[in-house]
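Some notes on the structure that comes next.
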Ligand code: PMP
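In this note's numbering, the protein residues as written are 1154 to 1613.
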């Protein structure tokens, strides 16, 4: 599954359209020293993304320094919901920097007050207290801590189990990785905490049974009773496949958590701020979780993350005991406020829903033509195309890899495959993408798909 790109420049067919420009070779020969320096000075584990060297990015396009341009289907990694490099965000960052406050730890600042108030006012009840952090993994660690603290308070130390889902991704720190459901990522952990338990995610594709009874039975089979559960945490949609749980399942989950005083956390790090066609991902389920974790699209740019939750849970720890060096960094707060303003003013969740309809219709139309498409999933401007060996559920990582690279050669930028067995093509453009650019990129993607399939056939 883990692999990296060959850095030998190879000829590509030139592309020159309104939004895409690809010249004669990829990787671009002039970028090889940069790519080699990264390989030399960074750990191998930082590799693996397509070898194009980002120079600048604007709205839904990414440019290198050599005249190539891509329509971006990555949003970085689902960061730039309001578009890359929006002037309003740049201006807010510059203004805050020039104002003369670049950092202030947990000392009070006006801009931090503005941001927590803004977020709290936007959220539905009871999500009213906001703890700012820097990255998504940190927010997940905090949600685990708060869930266990709450569990211990009401049910004693035995109420400590954190239930999460197979194939889930919640970050790369020790706790968030244990809440994750990807076994290979946990191989380095010699003393896995038995208080983290994963059950199948009801995606309706690799887990056929999407009933809530199956959730209850899965827990029972693992010997976990509800009295021992402190928290359930799930990605609002699974990042590796873009799949959502059924609405009924989540309504039953909400009731079950209420009945057993279990903290329900939706990890909205990927789903929030309009991505799925609603402002918050959990709106699709018609429920409100107790805790939510946010990052990525919150600022469309600088590192900022947040835990937002029920006041009684958020207030479990005393003054001075939930801190982080860069919490509410003033420049990051300025960026987040500007990005949230753009999402709200331009009603970007509506564009995500509208463009999403187009995107999903086109992807679903591909499915009958290609038996290697196992499943198309997602909502709004996030889609996952699961590539399988025809007639099976086995991921075809090689073909998925080729589809991504063929797309990049045609000026459509994606990150490398994600998901189970590296078999998902993930599509997540900035929420500002226009119909014209989306159609143009979908046409190019279809060509790339056909070329990748033909290439694999040629190899067989
Ligand atoms: N939760 C989810 C759902 C994520 O997708 C990610 C990152 N891909 C994280 C948590 C971790 O966020 P970060 O990389 O900012 O630590």
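Here a beta-carbon is modelled for each residue, glycine too, at the ideal position from N, C-alpha and C.
Residue closest to residue i, alpha-carbon to alpha-carbon, out of the options
i, options, result
"residue 1327", "1167, 1339, 1335", "1339"
"residue 1301", "1467, 1550, 1591", "1467"
"residue 1293", "1219, 1446, 1391", "1446"
"residue 1457", "1433, 1473, 1422, 1572", "1422"
"residue 1228", "1577, 1582, 1203", "1582"
"residue 1570", "1563, 1564, 1556, 1266", "1556"
"residue 1590", "1170, 1462, 1274", "1170"
"residue 1425", "1205, 1276, 1385", "1276"
"residue 1238", "1596, 1380, 1491", "1491"
"residue 1390", "1406, 1404, 1354, 1362", "1354"
"residue 1214", "1392, 1234, 1196, 1529", "1234"
"residue 1579", "1333, 1474, 1230", "1230"
"residue 1495", "1166, 1254, 1550, 1236", "1236"
"residue 1537", "1516, 1521, 1547", "1516"
"residue 1413", "1439, 1438, 1611, 1377", "1377"
"residue 1542", "1405, 1606, 1564", "1606"
"residue 1596", "1528, 1518, 1479", "1518"
"residue 1433", "1356, 1478, 1272", "1272"
"residue 1485", "1258, 1274, 1408", "1258"
"residue 1212", "1453, 1469, 1465, 1572", "1453"
"residue 1336", "1324, 1348, 1320", "1320"
"residue 1183", "1203, 1218, 1202", "1218"
Limits of the alpha helix (DSSP H) - the one that residue i falls within
i, result
"residue 1216", "Counting along the chain, residue 1216 falls outside any alpha helix (DSSP H), though it belongs to the beta strand (DSSP E) covering 1214-1216."
"residue 1193", "1185-1194"
"residue 1244", "1240-1252"
"residue 1339", "Here residue 1339 belongs to no alpha helix (DSSP H), and DSSP marks it neither H nor E."
"residue 1112", "For residue 1112 there is no data in the structure shown, the boundaries of the chain being 1154 and 1613."
"residue 1295", "1289-1308"
"residue 1409", "1400-1412"
"residue 1558", "1550-1562"
"residue 1496", "1483-1498"
Residue burial classification, residue i (beta-carbon count within 10 angstroms, cutoff 16)
i, result
"residue 1311", "exposed"
"residue 1400", "exposed"
"residue 1428", "buried"
"residue 1482", "buried"
"residue 1160", "exposed"
"residue 1364", "exposed"
"residue 1307", "exposed"
"residue 1309", "exposed"
"residue 1559", "buried"
"residue 1249", "buried"
"residue 1177", "exposed"
"residue 1526", "buried"
"residue 1372", "buried"
"residue 1403", "buried"
"residue 1221", "buried"
"residue 1197", "exposed"
"residue 1547", "exposed"
"residue 1287", "buried"
"residue 1266", "exposed"
"residue 1508", "buried"
"residue 1381", "buried"
"residue 1478", "exposed"
"residue 1163", "exposed"
Cβ distance (whole Å) where residue i is taken to contact residue j below 8 Å
i, j, result
"residue 1566", "residue 1208", "At roughly 13 Å, the Cβ-Cβ gap does not stay under 8 Å, so residue 1566 and residue 1208 are not in contact."
"residue 1502", "residue 1430", "6 Å"
"residue 1575", "residue 1553", "6 Å"
"residue 1577", "residue 1394", "6 Å"
"residue 1314", "residue 1361", "With a Cβ gap of about 26 Å, residue 1314 and residue 1361 do not count as contacting."
"residue 1397", "residue 1419", "Not really, about 11 Å apart at Cβ, beyond 8 Å."
"residue 1331", "residue 1345", "6 Å"
"residue 1188", "residue 1165", "That pair is no contact at about 16 Å."
"residue 1497", "residue 1295", "That pair is no contact at about 26 Å."
"residue 1175", "residue 1562", "7 Å"
"residue 1385", "residue 1417", "5 Å"
Extent of the continuous beta strand (DSSP E) run through residue i
i, result
"residue 1259", "First-last for residue 1259: undefined, no H or E at that position."
"residue 1282", "1282-1286"
"residue 1351", "1349-1352"
"residue 1388", "1382-1388"
"residue 1225", "1222-1225"
"residue 1502", "No beta strand (DSSP E) holds residue 1502; the alpha helix (DSSP H) holding it covers 1501-1519."
"residue 1317", "1314-1318"
"residue 1538", "1535-1540"
"residue 1526", "1526-1532"
"residue 1578", "1577-1580"
"residue 1211", "1209-1211"
Any C-beta of chain D under 8 Å from that of residue i
i, result
"residue 1529", "Protein chains in the displayed structure number just one, and chain D is not present."
(request) Evaluate the contact criterion for the stretch 1582-1595 versus the stretch 1504-1522: three or more CB pairs, one atom per stretch, below 8 Å. (result) yes
(request) Flag this pair as touching only if the stretch 1530-1541 and the stretch 1509-1519 have three or more C-beta atom pairs under 8 Å; answer yes or no. (result) yes
(message) Could you check whether the stretch 1436-1450 touches the stretch 1274-1289, counting it as contact only if at least three pairs of C-beta atoms, one from each stretch, sit closer than 8 Å?
(response) yes
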